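Mind the numbering: the sequence shown is residues 859 to 995 in my numbering, read in order.
First up is the structure itself, then whatever we jot down about it.
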Amino acid sequence: MCRSVARKRNVRLVLFVGVFVVVATIAGRRLTYAAENAVDKPNILFIMVDDLGKDWISCYGADNIQTPVIDSLAAKGMRFENAWCMPQCTPTRVTLLTGQYPWRTGWVNHWDVPRWGVGYFDWEAHESVARVLKKAG
C-alpha cells in the first residue's frame, strides 16, 4: 500500500510539474507576443488647452513662466513649430478631430453646433482621428 500511495504521489507531482511547465510556456509566449505587438502601437499623448498661447510655455520661449513638466514632455516627444487653428473653438476642435480644414468640413463658425439648432456633422463623410487610431489597433 505504501508503494501505491508513493506512486500516486509521484504521478501527481509529474502531472503538476508538466501542467505547470505547459501553462508557464503558454503564458510566456503570450507575454512575449503582447510585448512585441505593443511596440507596433503608437504611444500618443495629445494635450489641447483652450486659449493658451505659445508665449506662455517656456519650451516655446516664455521667459517669465516656468513649465517644467510640459518642457520635459516636449523634449522627449514631438513639438510643432508651425501650427494653425481657427480663432474659434468649434471649428478648431473639428479640425483636430478630422485633420481637415474647417472649410472642407463646413464648420467655419462657432455657432454651427446642433446645440443652437444649426449644423450637423457628417461622420460618415469625414473620418476622425479617433476612428483611424482605433482601426490601427
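Yeah, the Cβ is synthetic: ideal placement off N, Cα and C, and Gly gets one too.
Just so we're clear, the structure is a prediction, and the values are computed from it rather than from any experiment.
Minimum Cα-Cα distance from glutamine 958 among the listed residues Val927, Cys917, Ile928 and Ala983 corresponds to Ala983. The straight-line gap separating the alpha-carbon atoms of leucine 991 and leucine 955 is approximately 11 Å. Spanning the alpha carbons of glutamine 946 and asparagine 967 requires a straight line of approximately 7 Å.
A residue is called buried when at least 16 other Cβ atoms come within 10 angstroms of its Cβ; proline 900 does not meet this threshold and is exposed. The closest CA to that of glycine 935, considering only Ala988, Leu903 and Ile915, is found on Leu903. Exposure of tryptophan 961 is indicated by the presence of fewer than 16 other C-beta atoms within 10 angstroms of its C-beta. Rounded to whole angstroms, the separation of the alpha carbons of tryptophan 981 and valine 987 is 11 Å.
Taking all protein chains shown into account, valine 927 has fewer than 16 neighbouring C-beta atoms within 10 Å of its C-beta and is therefore exposed.
Pairing tryptophan 914 with isoleucine 923 gives a Cβ-Cβ distance under 7 Å.
Per DSSP, isoleucine 928 is one residue of the alpha helix (DSSP H) stretching across 926–934. The Cβ atoms of cysteine 917 and aspartate 929 lie closer than 7 Å to each other. In the DSSP assignment, cysteine 917 falls outside any alpha helix (DSSP H) and carries neither an H nor an E.
Judged by DSSP in its simplified three-state form, valine 952 adopts helix. Our two residues, alanine 920 and glycine 911, have alpha carbons roughly 10 Å apart in a direct line.
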